[in-house]
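*Asks:*
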Amino acid sequence: MKKLLFQLDTDPHPAVFDTVVGYDGGADHVIGHGNCTPENVKPLVEGAIFTRAPKEKKNTALFVGGSDMVAGEKLFKAVQKNFFADFRVSVMLDSNGSNTTAAAGVAKLLSSGTLSGKKAVVLAGTGPVGMRAAVMLAREGATVALTSRQMARAKKSCADIKDSFGVDIEPIEAGDNDARSKAIVGAQVIFATGAAGAQLLEKSHWENNDSIEMMADANATPPLGIDGTEMFDKGKDRNGKIIWGAIGFGTLKLELHRACVAKLFDSNDQLFDAEEIFAIAKTMA
3 MKKLLFQLDT DPHPAVFDTV VGYDGGADHV IGHGNCTPEN VKPLVEGAIF TRAPKEKKNT
63 ALFVGGSDMV AGEKLFKAVQ KNFFADFRVS VMLDSNGSNT TAAAGVAKLL SSGTLSGKKA
123 VVLAGTGPVG MRAAVMLARE GATVALTSRQ MARAKKSCAD IKDSFGVDIE PIEAGDNDAR
183 SKAIVGAQVI FATGAAGAQL LEKSHWENND SIEMMADANA TPPLGIDGTE MFDKGKDRNG
243 KIIWGAIGFG TLKLELHRAC VAKLFDSNDQ LFDAEEIFAI AKTMA
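Here the sequence shown stands for residues 3 to 287, numbered as in our numbering.
1. Could I get the ranges of all uninterrupted beta strand (DSSP E) runs contained in the segment 206-242, with 3 residues as the minimum, in chain order?
2. In the DSSP assignment, find the beta strand (DSSP E) that holds MET138 and state where it starts and stops.
3. Rounded to whole angstroms, what is the Cα-Cα separation between LYS284 and VAL91?
4. Can you tell which of PHE167, ALA185, ASP165, SER166 has its C-alpha closest to the C-alpha of PRO173?
5. Just reading off the beta strand (DSSP E) that GLN9 is part of, what are its end residues?
6. Indicate whether GLY143 and LEU117 have their beta-carbon atoms separated by less than 9 angstroms.
7. Suppose you measure from the CA of THR128 to the CA of GLY242; what does that come to, to the nearest Å?
8. Consult DSSP for GLY168 and reduce its assignment to one of helix, strand or coil.
9. From which residue to which residue does the beta strand (DSSP E) around LEU77 run?
10. The alpha helix (DSSP H) that contains SER113, what's its start and end?
11. Per DSSP, GLY1 is paired with what?
12. With respect to the alpha helix (DSSP H) encompassing ILE282, which residues constitute its N-terminal and C-terminal limits?
13. Can you tell me which residues form a DSSP beta bridge with SER290?
14. Using C-beta distances below 6 angstroms, list every residue in its chain close to LYS238, excluding the 5 sequence neighbours before and after it, in chain order.
15. So, do the segment 148-164 and the segment 212-221 have three or more beta carbon pairs nearer to each other than 8 angstroms?
16. On a Cα-Cα basis, can you pick out the residue from HIS35, VAL187, GLY28, GLY250 that is closest to VAL18?
17. Spatial neighbours of PRO225 within its chain, please: C-beta separation below 6 angstroms, excluding the five flanking residues on both sides.
18. Beta-carbon within less than 7 angstroms of ALA5's beta-carbon, same chain only, minus the 5 sequence neighbours each way: which residues are those?
19. At what residues does the alpha helix (DSSP H) containing LEU256 begin and finish?
20. Tell me, which residues are paired with PRO173 by DSSP?
21. Does ASP271 pass the burial test, meaning 16 or more other C-beta atoms within 10 Å, or should it be called exposed?
22. Hey, could you find the ends of the alpha helix (DSSP H) LEU46 is sitting in?
23. Roughly how many whole angstroms lie between the Cα atoms of ARG155 and ALA104?
24. Look up LYS323 in the DSSP assignment and give the residues it is bridged to.
25. My guess is that VAL43 and LEU77 are in contact by the Cβ rule of under 8 angstroms, so how many angstroms apart are they, rounded?
26. From GLU232 to GLY247, what does the alpha carbon distance come to, in whole angstroms?
27. Mark VAL187 as exposed unless 16 or more other C-beta atoms lie within 10 angstroms of its C-beta, in which case mark it buried.
28. Quick check on the burial criterion: 16 or more other C-beta atoms within 10 angstroms. Buried or exposed for PRO130?
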């Protein structure tokens, strides 16, 4: 029985990256569909759930992707509305790689030291990677804040996190590097999740900050989010801080993505969103 992975992408063209990782994760065939929406996905889901006998349904799985996590979340929920009884297949959500990236970064921080009881700040944290990283840090017992250039956006992101995951995150307005340097005062953990090529901290802002223990930077496009670090840093000690660069934990991100795809075919009733993917990441870090 062939393992079939149907790639439901919210963009016009299914992501090549996700297709390649789908094959590397063990799928025999990856079939991509673009422009998927909650309104048009029903026939695709029905094709997946009605075609194989109950004991064989585990060999069919769905992957929800695309560049827009908000659209992906809506599609992920819409897919599940078509399931009933044993007429279901396993589904993974990883729009723009947000779940696997956040999970890999936080898992590597966790492998470097305890997070419970620590103060963590997610810089430029209103995007999908930042919001999910904030949730994962909070789940590990950290007190978490996230920054944005606009307080309204920071507050909205924190409210959305509360609604979706039930955890409290502190919003902080920080419009420039100096403001972000003030936001990390007293913090032990920093996770930079800004846009590619956007510097969030200068080296002088963190190198002599005695409270900081660990930092991760999801940006691999120069200039890096945290000046004075390297994208290839793998738990490297810099000025007494343990540093994880984007490529440094990116290896785990890819391994995690492949592992999650493989696990989709273990049974037909699994749902992989942020928390489930993070749980797997922690076993791999």
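Beta carbons are placed, not taken as given, at the ideal position from N, Cα and C, and that holds for glycine.
The structure displayed is predicted, hence computed values, not measured ones.
*Replies:* This is what the structure holds:
1. 216-219, 236-240
2. No beta strand (DSSP E) contains MET138, which is instead part of the alpha helix (DSSP H) from 130-141.
3. 25 angstroms
4. ALA185
5. 6-11
6. yes
7. 28 angstroms
8. Reduced to three states, the DSSP call for GLY168 is coil.
9. Per DSSP, LEU77 belongs to no beta strand (DSSP E); it is in the alpha helix (DSSP H), 71-82.
10. 100-114
11. For residue 1 there is no data in the structure shown, the boundaries of the chain being 3 and 287.
12. 276-286
13. A question about residue 290 goes unanswered here, because the residues of the chain that appear run from 3 up to 287.
14. ILE245
15. No, they do not touch.
16. HIS35
17. GLN201
18. Rather than Ala, the amino acid found at residue 5 in this sequence is Lys. Cβ within range, chain order: GLY28, ALA29, ASP30, ASN61, PHE267.
19. 248-266
20. LEU148
21. exposed
22. DSSP places LEU46 in the uninterrupted alpha helix (DSSP H) bounded by 44-51.
23. 20 angstroms
24. Here the chain covers residues 3 to 287 and nothing more, so residue 323 does not appear.
25. 6 angstroms
26. 6 angstroms
27. Exposed, by the Cβ-count rule.
28. buried
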